[in-house]
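So the structure is just underneath, and the comments pick up after that.
Number of protein chains: 2
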Amino acid sequence: MIVKALKKGHSLQTEDGRELLGPDATKGERTRVRILDEAVAVASEGGVGAVTLGPLAERLGMSKSGLFAHFRSKEALQVDVLKRAAERFTEVVIAPIREEKDKPKRLGLFFSNWLDWLEHPSLGAGRGSCPVMAAYFEFDDVPGPVRDQAAEHSAQLYDLIRKLARIALPEADEDAVAATIDGLALSHLMRFRLMRDGKARAHTMKAFDALLKNPPLKDA
Amino acid sequence: MIVKALKKGHSLQTEDGRELLGPDATKGERTRVRILDEAVAVASEGGVGAVTLGPLAERLGMSKSGLFAHFRSKEALQVDVLKRAAERFTEVVIAPIREEKDKPKRLGLFFSNWLDWLEHPSLGAGRGSCPVMAAYFEFDDVPGPVRDQAAEHSAQLYDLIRKLARIALPEADEDAVAATIDGLALSHLMRFRLMRDGKARAHTMKAFDALLKNPPLKDA
DNA sequence: GAATAAAACGAACGGTCGTGCTATTCTTCT
DNA sequence: AGAAGAATAGCACGACCGTTCGTTTTATTC
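Sequences listed follow chains V and L, in order.
Counting from 1240, one number per residue, gives the positions in the first sequence under the numbering used here.
Counting from 1240, one number per residue, gives the positions in the second sequence under the numbering used here.
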C-alpha cells in the first residue's frame, strides 16, 4: 500500500483518499502510522540512521518481520520517517500561522513556532531533537533516497521562508534574509541541545529582532 | 600511548613533547596519524558514525586488528577523529587570521576562511563536508564521550566567535552576533552541500555583510 | 648483532543488522 | 458464518560489526 503525504490539510491519506487514523482506516494503515510515530521518536533521539528494525519492533511490542512487512526495505522506512516528521512539522509550525491575518506578522510567528518545535518536539519526550534537521547533516553526502527526501524537504522549507520574508520585508533581499533565519534556527538547535545553553532562546530572538529591524536590502 | 592536541602551534605531540610526524617520531605514532587522517576523510563523507574499523583498515591497506590496537575502542577512535578534525580546522581557519594585524578585520577573515573550509575541506576530495559540524547534530542527543567532545569543540568555537565579534563590533551584542554568524555557517553548509545551491556563497556573504553593517546592539 | 619491545597480522567469537521464506492468526467482506 | 485476503509471527540466512587472542613480523635499544 502506498501512502503519500499531502502538503495541505496535514493528514495522511491513502491513494484512494481515505483518511489514515480515522475509524474507517484499515488495520494495516493504523499500525503503519503507529510504527512511523514511534520511529520518529527514535530518530529524534539518535538520528534517522538509528531507526533500526529490531529495537523499533520491540518498542512497539511486535515482531521484526511483522514490522518489516509494512515497508519494502529499511531505506523506504527511513524515507517515510522523514516524511512523517515533516508532516508533524507542518502541523505544529506551519499550519498555525494561517490564523494570523496580518500577513507580515506571519514570519515572526513562524520563527517562534519553529523554536518551540526545536525545544519541545512533540515526540522524543525531551530527549530528542528535530530529526529532519539532523538528517540534513547526516545524509548530505550520502547519496540515496534518504538524502533526496531530506534535500526536498529543506528546499521546500527554504522556499517558504523566502516567501514569508518577501511579505514581511518587501524591501529586503529575501535570499539573505532566508539564509540568516535558517541559520538562526540551526544555530539555536546546536546551542540549545548540544551546548545546553539556557540563554539560547534569548540570544536567538535578539538576533532575529535585529534582523527584522535592519534586514539586508536588495542591491546593497 | 597517550597523545594530546595542543591549542597553539597546530601540531600533535606526545606527552614528553616530541613532535609527531617528525623524523624522530616512532612508527606507531606516524601510522596513528595516518589512520586518523584517513578516518577524518571517511567521517567527512558519512559522518563520524560511519568511521568503522574494517573498511577503514582496508582503505589503509592494513588489518582490522592492527588498526584497532592503536585505540582502546571504537569510541576512542571516534573521539580522536573529532580532535584531529578540529586540529585541521584550527590550521586552516583560525591560525591564518593572526596574519591580519588590523584586529577588527579578523572577524571577516575568519568567516571567509570558514566558508572556504566548508566548501573545500582539505580532506574528502570534494565528496565530504565538515565532520565536526555534522557531529553536532548527529550526537547532540547521544550521550557519551563523542557527544562530549563535540560539545567542547562547539563551545570553544563559539567563544572564539564571540571574542572576534567583540573586537570587530564593540557596540554590538556579542551573543546575538555570534548566534547569527554561527547560524550563517551552518545554513551555508546545508545550502551548499545538501541543496547544492550554486549561489549559496553569494547569499551567505550578503547576509554577513549586512550583519556587520547593522549588528544587534547591546540593551536594544 | 643480539635482546627487548612495539606493531601488525589472521582467525575467531558473540552480537546485531536487514531481509527472505512459510505458517498462522486476525480482518474484512459477502 | 464462512471464504478470501491482509497482517503478523517465527525462523533462518548471510553480512557486517567491534573486540579478543595468540602469533609473527618489524622497530628500537643496548
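From the three backbone atoms N, C-alpha and C, an ideal C-beta is built for every residue, glycine too.
These numbers come from a predicted model, not from an experiment.
Chain L contacts made by the region 1376–1390 of chain V, where a contact means CB separation under 9 Å: F1376, E1377, F1378, D1379, D1380, V1381, R1386, A1389, A1390
Given A1324 of chain V, which residues of its chain have a CB within under 6 Å of its CB, disregarding the five upstream and five downstream residues? As a position in the first sequence, residue 1324 of chain V is number 85, starting the count at 1. For A1324 of chain V, where only same-chain residues beyond five positions count, the Cβ hits under 6 Å are V1279, P1370, V1371.
Ignoring anything shorter than 4 residues, give me the alpha helix (DSSP H) runs that lie fully in the region 1273–1315 of chain L, in order along the chain. 1292–1299, 1303–1307
Taking D1421 of chain V and Y1397 of chain V to be in contact with their CB atoms under 8 Å, please state how far apart those CB atoms are, rounded to whole angstroms. Counting from 1 along the first sequence, the entry for residue 1421 of chain V is found at position 182. Counting from 1 along the first sequence, the entry for residue 1397 of chain V is found at position 158. Their Cβ separation, rounded to whole angstroms, is 6 Å, which keeps D1421 of chain V and Y1397 of chain V in contact under 8 Å.
Under 7 Å, Cβ to Cβ, is there at least one residue of chain V near N1352 of chain L? Here residue 1352 of chain L refers to the residue found at position 113 of the second sequence. For N1352 of chain L, the answer is no, since every Cβ of chain V falls outside 7 Å of its Cβ.
Would K1340 of chain V count as contacting chain L if we go by Cβ distances under 7 Å? Locating residue 1340 of chain V in the first sequence gives position 101, where the first residue counts as 1. By this cut-off, K1340 of chain V is not an interface position.
Rounded to the nearest angstrom, what separates A1404 of chain L and E1277 of chain L at their Cα positions? Taking the first residue of the second sequence as 1, we reach residue 1404 of chain L at position 165. Taking the first residue of the second sequence as 1, we reach residue 1277 of chain L at position 38. For A1404 of chain L and E1277 of chain L, the distance between alpha carbons rounds to 34 Å.
In whole angstroms, what is the alpha-carbon distance linking R1257 of chain L and V1416 of chain V? The count along the second sequence starts at 1 and reaches residue 1257 of chain L at position 18. The count along the first sequence starts at 1 and reaches residue 1416 of chain V at position 177. Residue placement at R1257 of chain L is flagged as unreliable, the pLDDT there being 44, under the threshold of 50; a coordinate-derived value is accordingly withheld.
Helix, strand or coil at L1408 of chain L according to DSSP, with G and I counted as helix: Here residue 1408 of chain L refers to the residue found at position 169 when the second sequence is read from its first residue. Residue state, collapsed to three classes: coil.
Once the 5 residues before and after S1302 of chain V are set aside, which same chain residues still bring their CB inside 7 Å of it? Along the first sequence, read from residue 1 onward, the residue named residue 1302 of chain V stands at position 63. Cβ within range, chain order: A1296.
Applying the 10 Å Cβ sphere with the 16-neighbour rule, what's the burial state of E1410 of chain L? Position 171 of the second sequence, counted from the first residue, corresponds to residue 1410 of chain L. By the neighbour-count rule (16 or more Cβ atoms within 10 Å), E1410 of chain L is not buried but exposed.
Run through chain V and tell me which residues come within less than 9 Å of D1412 of chain L, C-beta to C-beta. Along the second sequence, read from residue 1 onward, the residue named residue 1412 of chain L stands at position 173. The contacting residues are H1442, K1445, A1446, A1449.
So, is the C-beta of D1421 of chain L closer than 7 Å to a C-beta in chain V? Looking up residue 1421 of chain L in the second sequence gives position 182. Chain V, which has a Cβ nearer than 7 Å to the Cβ of D1421 of chain L, makes this yes.
Selection of the region 1258–1289 of chain L by Cβ proximity to chain V, strictly under 7 Å: E1284, G1285, G1286, G1288
Would you please verify whether the beta carbon of A1407 of chain L is less than 7 Å from any beta carbon of chain V? Here the question's residue 1407 of chain L lines up with position 168 in the second sequence. No - not a single Cβ of chain V is within 7 Å of the one on A1407 of chain L.
Would you kindly report the start and end of the unbroken alpha helix (DSSP H) that includes H1359 of chain V? For the purposes of this step, residue 1359 of chain V is taken as residue 120 along the first sequence, with counting starting at 1. No alpha helix (DSSP H) holds H1359 of chain V; DSSP gives it neither H nor E.
8 Å Cβ shell around R1273 of chain L - same chain, five flanking residues per side excluded: Reading the second sequence from its first residue, position 34 is the one you call residue 1273 of chain L. Taken in chain order, the residues that qualify are L1299.
Assuming the contact rule is C-beta atoms closer than 8 Å, Q1317 of chain V and V1290 of chain V should be a hit. Round their C-beta distance to whole Å, please. Here the question's residue 1317 of chain V lines up with position 78 in the first sequence. Here the question's residue 1290 of chain V lines up with position 51 in the first sequence. Confirmed, Cβ separation roughly 6 Å.
If distances are taken between C-alpha atoms only, which option among L:G1288, L:R1435, L:R1401 comes closest to H1442 of chain V? Numbered from 1 along the first sequence, position 203 holds the residue referred to as residue 1442 of chain V. Nearest C-alpha to H1442 of chain V: L:R1401.
Are the C-beta atoms of L1321 of chain L and some chain V residue less than 7 Å apart? Numbered from its first residue, the second sequence carries residue 1321 of chain L at position 82. So, not an interface residue.
Is it right to say P1382 of chain V is buried, meaning 16 or more other beta carbons lie within 10 angstroms of its own, or is it exposed? Taking the first residue of the first sequence as 1, we reach residue 1382 of chain V at position 143. P1382 of chain V comes out exposed.
Would you list the one or two residues that DSSP bridges to L1451 of chain L? The residue you call residue 1451 of chain L lines up with position 212 of the second sequence. According to DSSP, which records beta bridges pairwise, L1451 of chain L is partnered with nothing at all.
Can you tell me where the alpha helix (DSSP H) with A1374 of chain V in it begins and where it stops? Counting from one through the first sequence, the residue named residue 1374 of chain V turns up at place 135. Where A1374 of chain V is concerned, the enclosing alpha helix (DSSP H) stretches over 1370–1377.
When the Cα atoms are used, what is the spatial distance from G1367 of chain V to T1265 of chain V? Along the first sequence, read from residue 1 onward, the residue named residue 1367 of chain V stands at position 128. Along the first sequence, read from residue 1 onward, the residue named residue 1265 of chain V stands at position 26. Distance between the alpha carbons of G1367 of chain V and T1265 of chain V is about 30 Å.
Measuring CB to CB, does R1386 of chain L end up less than 7 Å from F1376 of chain L? Position 147 of the second sequence, counted from the start, is the residue given in the question as residue 1386 of chain L. Position 137 of the second sequence, counted from the start, is the residue given in the question as residue 1376 of chain L. Contact: no.
Anything in chain V within Cβ reach of P1335 of chain L, meaning under 7 Å, just list it in chain order. If you number the second sequence from 1, residue 1335 of chain L lands on position 96. Going along chain V, no residue has its Cβ under 7 Å from P1335 of chain L, so there is no contact; the nearest lies around 23 Å.
In this structure, what does DSSP give as the bridge partners for L1456 of chain L? By 1-based counting over the second sequence, the position of residue 1456 of chain L is 217. According to DSSP, which records beta bridges pairwise, L1456 of chain L is partnered with L:A1411.
When you compare the CB of R1432 of chain L with every CB in chain V, is at least one pair closer than 7 Å? The residue given as residue 1432 of chain L occupies position 193 in the second sequence. Closer than 7 Å: yes.
Please list, in chain order, the chain L residues whose beta carbon lies closer than 9 Å to that of G1367 of chain V. On the first sequence, position 128 is the one that residue 1367 of chain V refers to. Those within 9 Å of G1367 of chain V in chain L are D1380.
Nearest candidate by alpha-carbon position, reference A1418 of chain L, set V:I1333, V:R1311, V:M1434, V:L1399: Indexing the second sequence from 1 puts residue 1418 of chain L at position 179. Of V:I1333, V:R1311, V:M1434, V:L1399, the residue nearest in Cα terms is V:M1434.
Counting only Cβ pairs nearer than 7 Å, list the residues of chain L close to S1426 of chain V. Indexing the first sequence from 1 puts residue 1426 of chain V at position 187. Near S1426 of chain V (Cβ distances below 7 Å), the residues of chain L are A1418, D1421, G1422, L1425.
Can you grab the Cα-Cα spacing for the pair A1449 of chain V / P1455 of chain L, in whole Å? Counting from 1 along the first sequence, the entry for residue 1449 of chain V is found at position 210. Counting from 1 along the second sequence, the entry for residue 1455 of chain L is found at position 216. So the alpha carbons of these two residues sit roughly 5 Å apart.
Please report whether the beta-carbon of A1373 of chain V lies at a distance below 7 Å from any beta-carbon of chain L. By 1-based counting over the first sequence, the position of residue 1373 of chain V is 134. True, the Cβ-Cβ gap to chain L drops below 7 Å.
Any beta carbon from chain L within less than 7 Å of G1248 of chain V's own beta carbon? In the first sequence, residue 1248 of chain V corresponds to position 9, counting from 1. Low local confidence applies: a pLDDT of 32 at G1248 of chain V is under 50, so the model's placement there is unreliable, and no value is given.
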